[in-house]
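First up is the structure itself, then whatever we jot down about it.
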Amino acid sequence: GVKTPNIDEVLNYVQKKIGKEYLDQHGNLDLKQLEGTRAPQQFGISSLEDFVKLYQTADMKKREQKTAYARSESPETTQIGKVKITSVDVYLVAVPLCKPYRVSFGTATHGHSVLIRINAEAETGSDFRAGGPEGKLEPLLFFGWGEASPLTGFSPQTPEGAFKVLNEVVGPRLIGMDACNLNAINRELNDIPQCEAFVRGAVDIACWDLLGKILKKPVHELLGGKLRDSIPLLYPFSDQSVAEDTKALNEKLDQGYRTFMLKMGSGTLGIKDEAQRVTNANKLFKARKVDARFCVDANQGWNVKEAREFCDLIEDENLMFIEQPLPKTAPSEDMRKLKTATKHRFSADEA
Numbered sequence: 615g616v617k618t619p620n621i622d623e624v625l626n627y628v629q630k631k632i633g634k635e636y637l638d639q640h641g642n643l644d645l646k647q648l649e650g651t652r653a654p655q656q657f658g659i660s661s662l663e664d665f666v667k668l669y670q671t672a673d674m675k676k677r678e679q680k681t682a683y684a685r686s687e688s689p690e691t692t693q694i695g696k697v698k699i700t701s702v703d704v705y706l707v708a709v710p711l712c713k714p715y716r717v718s719f720g721t722a723t724h725g726h727s728v729l730i731r732i733n734a735e736a737e738t739g740s741d742f743r744a745g746g747p748e749g750k751l752e753p754l755l756f757f758g759w760g761e762a763s764p765l766t767g768f769s770p771q772t773p774e775g776a777f778k779v780l781n782e783v784v785g786p787r788l789i790g791m792d793a794c795n796l797n798a799i800n801r802e803l804n805d806i807p808q809c810e811a812f813v814r815g816a817v818d819i820a821c822w823d824l825l826g827k828i829l830k831k832p833v834h835e836l837l838g839g840k841l842r843d844s845i846p847l848l849y850p851f852s853d854q855s856v857a858e859d860t861k862a863l864n865e866k867l868d869q870g871y872r873t874f875m876l877k878m879g880s881g882t883l884g885i886k887d888e889a890q891r892v893t894n895a896n897k898l899f900k901a902r903k904v905d906a907r908f909c910v911d912a913n914q915g916w917n918v919k920e921a922r923e924f925c926d927l928i929e930d931e932n933l934m935f936i937e938q939p940l941p942k943t944a945p946s947e948d949m950r951k952l953k954t955a956t957k958h959r960f961s962a963d964e965a
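Quick note: the sequence shown uses our numbering, first residue 615, plus one each step.
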């Protein structure tokens, strides 16, 4: 078989073809830069797309090796001054779901996220450098990961849109900035019209992650301290039948889950069938003698009449709350009237 190329072979080849200065400045590598080369054939790769993925993996591993070495060699008392952002890597990720997930706006088969990695280097100077493996001075390198997960149908931005803004607009604006000065970074983001909440959140998470690594402290300490050691996980179920609920609830209860969400509002089931799912869940918890709880989420899938019928049918059932039963464009008065007609609480998180 073809020998698997090592990290250095891949990086050296790309640096020779593209130029180290360009890579240091732009971070990401795209297909156009390698068109006409024999990169795939030379390394036994089937396509340019696969070679680019191989390069990105090799580049990430090399940076992590250098970062780990520099930090392990630096004394605990090292004083870190300005830590300059040197590059920003952005990845559009689609993770296949174990099973299709049906909600009011359609059926999802993948979970989509945008990952951002902010890479930074401490300012040049003896206080900010560590001895390399060959006795050379190596810069102290740091990186922080962030994530944006806009969901088509809920958020004003799509994963593809967030990727484009982070990769083409935000990333280049961050180069050269002090990674520790979050106020200056936020002010820079304020001047970017396309920089809405999901994009800002990804950058913010990455900066806090990076700052925690620089200071060698967990981020919760930087934010004032943790209040708990763990949180209960909520497991959401598709808009599905009572029989499917029963099988899934038993399976997840056996795995230790005690908090659930039943998705509704897709139109697959009638209101009476949706209400029966609530009754079934409560009966199942009682029969198994478990302390479990759940909510339902219609994701804007009902009108006022349907929502009122559902509330009437489950009036005597135990339920944490009903999430977004009405469209976000519905008059606030409709939700107010709905609330006064039932004991159950509502969440208007998409309103």
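Cβ atoms here follow ideal geometry from the backbone N, Cα and C, with glycine treated the same way.
Please read all numbers here as calculations on a predicted model, not as lab measurements.
- Setting aside the 5 residues that flank it on each side, A962 is surrounded in the same chain by Q938, M949, each with a C-beta closer than 7 Å to its C-beta; the list follows chain order.
- In this structure, L841 keeps its C-beta atom at 8 Å or more from the C-beta atom of G826.
- It is roughly 25 Å from the alpha-carbon of C809 to the alpha-carbon of H834.
- Using a Cβ-Cβ distance cut-off of 8 Å, the segment 905–914 and the segment 874–886 are in contact, since at least three pairs of beta carbons, one from each stretch, lie closer than that value.
- Taking a C-beta distance under 8 Å as the contact criterion, I699 and G760 do not qualify as a contact pair.
- Around the CB of P764, 16 or more other CB atoms lie within 10 Å, so the residue is classed as buried.
- From the listed residues D853, L824, G870, the smallest Cα separation to L883 is found for D853.
- Within the same chain, Cβ atoms closer than 7 Å to the Cβ of Y871 are found at L847, Y849, the five residues on either side in sequence being excluded.
- Note on geometry: alpha-carbon atoms of R787 and V702 lie some 10 Å from one another.
- Residue range 833–836 is occupied by the alpha helix (DSSP H) that includes H834.
- Between the alpha carbons of N932 and N896 lies a distance of about 7 Å.
- Per DSSP, reduced to three states, the secondary structure at C809 is coil, with no helix or strand assignment.
- With distances taken between CA atoms, A708 lies nearest to F777 out of F719, N733, F777, S660.
- Around the beta-carbon of S946, fewer than 16 other beta-carbon atoms lie within 10 Å, marking it exposed.
- If you draw a straight line from the Cα of L863 to the Cα of A906, it is about 10 Å long.
- For Y705, the CB contacts under 6 Å within the same chain, skipping 5 residues up- and downstream, are L729 in chain order.
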